[in-house]
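Chemist: Dropping the structure in here first, questions after.
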Amino acid sequence: MRPAKAPDNNLIQNSTAAEREPKVAERSRDRVRPVMNITRALCLTPACLRLASDFASNLSPNHAQLDACTDFEEIVCGGWKQSHDLRPDQGQVSTFSVVSDAGDDTLRAILEGPYPGESSHSHFSPRSLDATAVSIDQANFEDMQRAYNACMGVTAISNLGVKPIVDLLDHLSETFASHNLSDSFAYLGQLGILPIVIVHVDSDPKDSDVQLVHISPSTDIGLGSKDYYKKASLLTEYQHTMAHVLKTIHPMNRSSGNWTEEAVTVVQLETRIANITPDLVDLRDVEHSINRMTVEEASRMIPQLSVDRTISSLAPANHATADVIVQFPNFLRDVSAILSETPLKTLQVYLLWKVIQAFEMNIIAPEVLKPYQRLKNKLRGREPDSEAERWRWCLSQVDGDLGWILSRFFIDNTFSARDRNLGNQIIANIRNVYFDKFSAVAWMEKVVKKAAAEKVREMEQKIGYPSEAPNITDPVSLRDYYADITISDSYFANMIVVVQWRVKQRWLQLSKPTDRKRWAMTASTVNAYYDLGLNEIVFPAGIMQPPIFHGDLPSYVNYGGFGAIAGHEISHGFDVHGRMFDSRGRKLDWWTNATSEEYNRRAGCFVDQYNNFTVTVGKNKTAYINGKQTQGENIADAAGLDAAFAAWQRVRNDQQDLDVPGLNHFSHEQLFFVAFGNLWCMKATPGSLQTQVLTGVHSPGSVRIKGTLMNSRQFRDAFSCPTRDPTCELW
């Protein structure tokens with residue numbers, strides 16, 4: 001569920017969904033009404049009672065009159081959409097954002113409360129620590145609170161105004177004295193800013209235990225989507241906004257020229273770069289990721305950026321970088337041609353603007369930044385002058401800066417050993433289904449089946465929180481992990497210290513074997529992911545919360561919710577991208593020609609299917625889903641749900657799985673799919689949906705429900721749909 005932009009053209013059409021979607025056969029709705037089932041006992045645990053209330057209120061008020069085979073999203077989410085409103089700073093609200101908000105309330109209470117002397121929920125507690133460990137635990141907690149309080153100190157931050165960014169701009173301007181960009185890019189790299197081309201550290205696609213330097217096109221285009229650079233009125237607004245910010249934040253007495261004219265040339269430069277930036281579909285094509293060459297060869301492709309200088313300034317002192325991996329070499333050559341035609345002054349102003357974009361959220365200066373923030377809100381479908389409550393912003397900053405300390409206290413409140421064990425068991429059961437699936441698939445040749453089973457067997461499974469790198473239940477491990485970070489009362493200074501520390505830590509990996517114990521998400525994150533380079537699935541404690549998962553809920557709810565997510569992530573190992581990598585995360589073709597050909601035919605069905613789905617993005621305006629751009633996620637949704645259902649069928653026990661109060665007119669099979677549908681309830685502004693369609697790899701929630709269930713034979717059986725065969729089926 002990645003968490004991971006540029007689409008094909010012509011996505012917005014002035015037609016309705018009905019004009020392109022296939023007709024559904026007329027039939028009696030009586031055949032799919034919920035099935036009366038009142039003989040079993042009721043589940044009356046607090047978790048079940050809360051779920052019963054939530055699921056019942058989420059149902060459409062007229063759900064009994066709707067046809068589950070064609071209107072399931074409205075059935076399970078109609079009431080939810082009526083009862084959930086967007087905050088002004090939100091473009092979307094969803095089941096996941098509601099779960100995240102509940103987690104944020106817990107995190108806020110932690111950050112604004114005293115050090116907890118006792119554990120309220122988890123299987124470890126300060127009581128189990130010796131006096132030294134308790135002292136270290138308290139010091140970790142105090143550092144975290146100091147960082148939060150510094151961010152919450154709006155008076156001190158406001159008094160500084162734009163000075164923190166001006167200081168960075170002055171340092172950057174000093175690098176302009178060399179009359180080339182090598183020193184400038186080296187300086188920006190230390191701040192984590194890599195415009196145009198990203199130079200970063202990642203595993204070697206051919207040997208995932210080795211870390212190499214990778215060079216790839218930056219997806220951080222100024223306006224977010226290359227499609228926006230085709231709208232003249234938007235570009236004019238962007239130019240005016242940029243000129244205002246530059247003129248106010250970096251007056252002309254610091255630089256010669258006219259900011260209005262410079263803004264025009266910078267936007268023209270951004271437009272040219274956007275036009276040659278690969279589409280998201282191409283960026284996710286791993287075939288373009290394996291271009292091995294020397295540092296010198298890569299530097300010659302784009303001499304203006306001095307890639308070798310950037311690498312040497314970021315790599316460990318004694319590390320000799322020989323080979324690098326270049327993604328899209330043609331992009332480097334093309335952008336080099338653009339840079340060679342661009343005046344040095346324009347390039348320098350472009351870099352100044354990138355610094356402002358990187359750090360504008362870390363200062364409080366509305367008289368300077370309000371026009372730019374209004375433009376960003378417009379592009380994201382939010383109210384123009386909206387901004388997140390300060391505590392939400394500061395919470396996100398602490399989670400990003402000292403997230404493992406915050407995670408330690410989060411799981412103390414929300415995640416138990418029982419939760420971890422049950423989650424592991426659900427995933428293990430779903431993995432067993434994949435073993436059997438691959439064994440039974442007729443179109444896969446024997447050697448491919450064996451390799452697929454090996455990949456499932458070797459898939460690393462991480463649940464809840466890390467026990468290494470760092471071990472968040474060990475105060476000493478947390479202290480040592482953040483040992484090089486000193487937290488002060490200055491919010492901006494703290495942020496810079498953490499940014500530079502993070503860059504340094506990532507580049508230090510060049511001198512070490514790949515660390516397979518690290519996590520890419522903190523424990524409170526409401527998300528999950530599959531890493532194809534490590535062949536691992538990761539489920540933070542944040543996503544293992546009600547109504548998605550709870551130890552006291554019936555198995556059909558846990559498997560329909562969390563199980564579908566687990567199956568989704570496992571399936572990513574075999575989607576159009578993941579299948580290119582073996583059980584160790586190495587780029588290796590383990591498919592025979594015949595099996596690969598049949599796979600591509602079946603996977604192509606999902607592209608055609610989702611290309612026909614639309615969402616409303618304005619008055620009389622719809623946008624078509626990009627089936628190719630969302631293909632991997634759509635395949636994972638379908639295969640994951642199917643595997644979760646099969647796993648549940650193997651472990652279900654209707655004597656132990658009690659009915660949910662008020663919902664016992666649904667069968668347990670039907671409630672499995674009700675739980676799945678509730679995952680993807682969402683409400684969004686047209687502008688937000690437009691941005692998601694243009695830049696996202698996930699289909700909007702309504703489409704995820706519709707498309708996935710069209711591809712589920714089990715759903716069609718549960719609701720007695722006239723057509724039982726799925727539209728698309730991979731395994």
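Numbering follows UniProt numbering, in which position 116 of the sequence shown is assigned residue number 116; successive positions increment by one, without gaps. Using N, Cα and C, we set each Cβ at its ideal position, and we do this for glycine too. Quick caveat, the model's predicted, so the values are computed rather than measured.
1) Classify GLY618 as helix, strand or coil using the three-state DSSP reduction.
2) How big is the Cα-Cα spacing for PHE672 and TYR556?
3) Jot down the residue ranges of each uninterrupted alpha helix (DSSP H) in the region 91 to 155, minimum 4 residues, whole runs only, in chain order.
4) On the DSSP bridge assignment, give the partners of GLY78 in chain order.
5) If I'm right that HIS550 touches ALA47 with Cβ under 8 Å, what's the distance once you round it to whole angstroms?
6) Cα separation between ASN243 and ALA417?
7) Can you give the Cα-Cα distance for GLU598 and TRP443, rounded to whole angstroms?
8) Looking at the structure shown, is GLN211 part of a helix, part of a strand, or coil, going by DSSP?
9) Which of the three DSSP states, helix, strand or coil, is assigned to GLU293?
10) Leaving out five residues on either side along the sequence, give the residues of the same chain with a beta carbon under 7 Å from the beta carbon of THR106.
11) Which residue spans inside the region 529 to 579 form an unbroken alpha helix (DSSP H) run of at least 4?
12) Quick one: residues in its chain with C-beta nearer than 8 Å to the C-beta of SER306, no 5 flanking neighbours on either side, listed in chain order?
13) Taking the DSSP output, what are the residues bridged to LYS462?
14) Under 6 Å Cβ to Cβ from GLY585, same chain only, skipping five residues before and after it: list those, please.
15) Using CA coordinates, which residue listed in ALA718, THR727, ARG713, LYS706 is at the minimum distance from THR70?
16) Using a Cβ-Cβ cutoff of less than 8 Å, which residues in the same chain neighbour ASN14 once the five nearest sequence positions on both sides are dropped?
17) Consult DSSP for PHE438 and reduce its assignment to one of helix, strand or coil.
18) ARG31 by DSSP, collapsed to three states: which one?
19) Within 10 angstroms of the Cβ of THR16, are there 16 or more other Cβ atoms? Answer buried if so, exposed if not.
20) DSSP on TYR482, reduced to helix/strand/coil?
21) Go ahead and label VAL368 buried or exposed: buried means 16 or more other beta carbons lie within 10 angstroms of its beta carbon, across all protein chains shown.
22) Indicate whether the contact test is met: 3 or more Cβ pairs, each with one atom in the region 160 to 169 and one in the region 350 to 368, closer than 8 Å.
23) Just how far apart, CA to CA, sit GLY632 and HIS577?
24) Taking DSSP as the reference, what is the three-state secondary structure of SER477?
25) Can you give the Cα-Cα distance for PRO475 and THR310, rounded to whole angstroms?
26) May I ask you to verify whether the region 310 to 326 touches the region 515 to 529, counting CB pairs closer than 8 Å and requiring at least 3?
27) Go ahead and label PRO700 buried or exposed: buried means 16 or more other beta carbons lie within 10 angstroms of its beta carbon, across all protein chains shown.
28) Put ILE635 into one of helix, strand or coil per three-state DSSP.
29) Classify ASN159 as buried or exposed, calling it buried when 16 or more other Cβ atoms lie within 10 Å of its own Cβ.
30) Work out the CA separation of ARG272 and ILE302 for me, nearest whole Å.
31) Take GLY627 as the anchor and find which of ALA147, VAL703, PRO61, ASP725 has the nearest alpha-carbon.
32) Does the pairing of the region 76 to 94 with the region 678 to 690 give three or more beta-carbon distances under 8 Å?
33) For ARG108 versus LEU406, is the C-beta distance shorter than 8 Å?
34) Would you please verify whether the beta carbon of VAL210 is less than 8 Å from any beta carbon of chain E?
35) When the Cα atoms are used, what is the spatial distance from ASN634 to VAL538?
36) Please state whether DSSP places PHE72 in a helix, a strand or coil.
Modeler: Looking at the coordinates:
1) The count along the sequence shown starts at 1 and reaches residue 618 at position 618. Strand.
2) Along the sequence shown, one-based indexing puts residue 672 at 672. Along the sequence shown, one-based indexing puts residue 556 at 556. Answer to the nearest angstrom: the Cα atoms are 5 Å apart.
3) Taking 4 residues as the minimum length, the alpha helix (DSSP H) runs contained wholly in the region 91 to 155 are 95 to 112, 131 to 152, in order along the chain.
4) Indexing the sequence shown from 1 puts residue 78 at position 78. None, per the DSSP bridge assignment.
5) By 1-based counting over the sequence shown, the position of residue 550 is 550. By 1-based counting over the sequence shown, the position of residue 47 is 47. Between HIS550 and ALA47 a beta carbon distance of about 4 Å is seen, short of the 8 Å cut, so the two are scored as contacting.
6) For the purposes of this step, residue 243 is taken as the residue at position 243 of the sequence shown. For the purposes of this step, residue 417 is taken as the residue at position 417 of the sequence shown. Looking at the sequence provided, one finds Ala at residue 243 rather than Asn. Each residue's CA atom was taken as its position, placing ALA243 and ALA417 some 55 Å apart.
7) Numbered from 1 along the sequence shown, position 598 holds the residue referred to as residue 598. Numbered from 1 along the sequence shown, position 443 holds the residue referred to as residue 443. GLU598 and TRP443: Cα-Cα distance of roughly 7 Å.
8) As a working mapping, residue 211 is identified with position 211 in the sequence shown. Note: GLN211 maps to strand in three-state DSSP.
9) Within the sequence shown, the letter at position 293 stands for residue 293. Reading off the sequence, residue 293 comes out as Met, not Glu. It is a strand residue.
10) Numbered from 1 along the sequence shown, position 106 holds the residue referred to as residue 106. Excluding sequence neighbours, THR106 sits near PHE410, ASN413, THR414.
11) Runs of the alpha helix (DSSP H) inside the region 529 to 579: 555 to 558, 564 to 571.
12) In the sequence shown, the residue the question calls residue 306 occupies position 306. Hits under 8 Å: ASN180, LEU181, SER182, PHE185, ALA186, SER299.
13) Counting from one through the sequence shown, the residue named residue 462 turns up at place 462. Within the DSSP bridge table, the entry for LYS462 names VAL538 as partners.
14) Here residue 585 refers to the residue found at position 585 when the sequence shown is read from its first residue. Contacts found: SER208, GLY533, LEU534, ASN535.
15) As a working mapping, residue 70 is identified with position 70 in the sequence shown. Ranking ALA718, THR727, ARG713, LYS706 by Cα distance to THR70 puts LYS706 first.
16) Here the question's residue 14 lines up with position 14 in the sequence shown. Low per-residue confidence applies at ASN14: pLDDT is 33, beneath 50, and the placement is therefore not dependable enough to give any value.
17) For the purposes of this step, residue 438 is taken as the residue at position 438 of the sequence shown. Three-state result, PHE438: helix.
18) Here residue 31 corresponds to residue number 31 of the sequence shown, with the count starting at 1. Interpretation of ARG31 is limited by its pLDDT of 39, a score under 50 that renders its predicted location unreliable; the figure taken from the coordinates is listed afterwards. In the three-state reduction of the DSSP assignment, ARG31 falls in the helix class.
19) To locate residue 16, count along the sequence shown from 1; it is residue 16. Model confidence at THR16 stands at a pLDDT of 30, short of 50, so the residue's coordinates are unreliable and nothing is read from them.
20) Within the sequence shown, the letter at position 482 stands for residue 482. It is coil, neither helix nor strand.
21) Counting from 1 along the sequence shown, the entry for residue 368 is found at position 368. So VAL368 counts as buried.
22) Pairwise C-beta distances place the region 160 to 169 in contact with the region 350 to 368, as three or more of them are shorter than 8 Å.
23) If you number the sequence shown from 1, residue 632 lands on position 632. If you number the sequence shown from 1, residue 577 lands on position 577. When rounded, the distance between both Cα atoms is 7 Å.
24) For this step, residue 477 is matched to residue 477 along the sequence shown. Helix, per DSSP.
25) Looking up residue 475 in the sequence shown gives position 475. Looking up residue 310 in the sequence shown gives position 310. In this structure, the CA atom of PRO475 is about 36 Å from the CA atom of THR310.
26) Look at the beta carbons and you see the region 310 to 326 not touching the region 515 to 529: under three pairs across the two are nearer than 8 Å.
27) By one-based count along the sequence shown, residue 700 stands at place 700. The residue in question, PRO700, is buried, as its Cβ has 16 or more Cβ neighbours within 10 Å.
28) Position 635 of the sequence shown, counting from 1, holds the residue named residue 635. In the three-state scheme derived from DSSP, where H, G and I count as helix and E and B as strand, ILE635 is classed as helix.
29) Looking up residue 159 in the sequence shown gives position 159. Per the 10 Å Cβ criterion, exposed.
30) By 1-based counting over the sequence shown, the position of residue 302 is 302. By 1-based counting over the sequence shown, the position of residue 272 is 272. Approximately 16 Å between the Cα atoms of the pair.
31) The count along the sequence shown starts at 1 and reaches residue 627 at position 627. The residue with the shortest Cα to Cα distance from GLY627 is VAL703.
32) Three or more beta-carbon pairs separated by less than 8 Å link the region 76 to 94 to the region 678 to 690, which places the two stretches in contact.
33) The sequence position of residue 108 within the sequence shown is 108, counting from 1. The sequence position of residue 406 within the sequence shown is 406, counting from 1. Not closer than 8 Å, so no.
34) In the structure shown, chain E cannot be found, because there is only a single protein chain.
35) The sequence position of residue 634 within the sequence shown is 634, counting from 1. The sequence position of residue 538 within the sequence shown is 538, counting from 1. Their Cα atoms are separated by approximately 19 Å.
36) Counting from one through the sequence shown, the residue named residue 72 turns up at place 72. DSSP places PHE72 in helix when its eight states are reduced to three.
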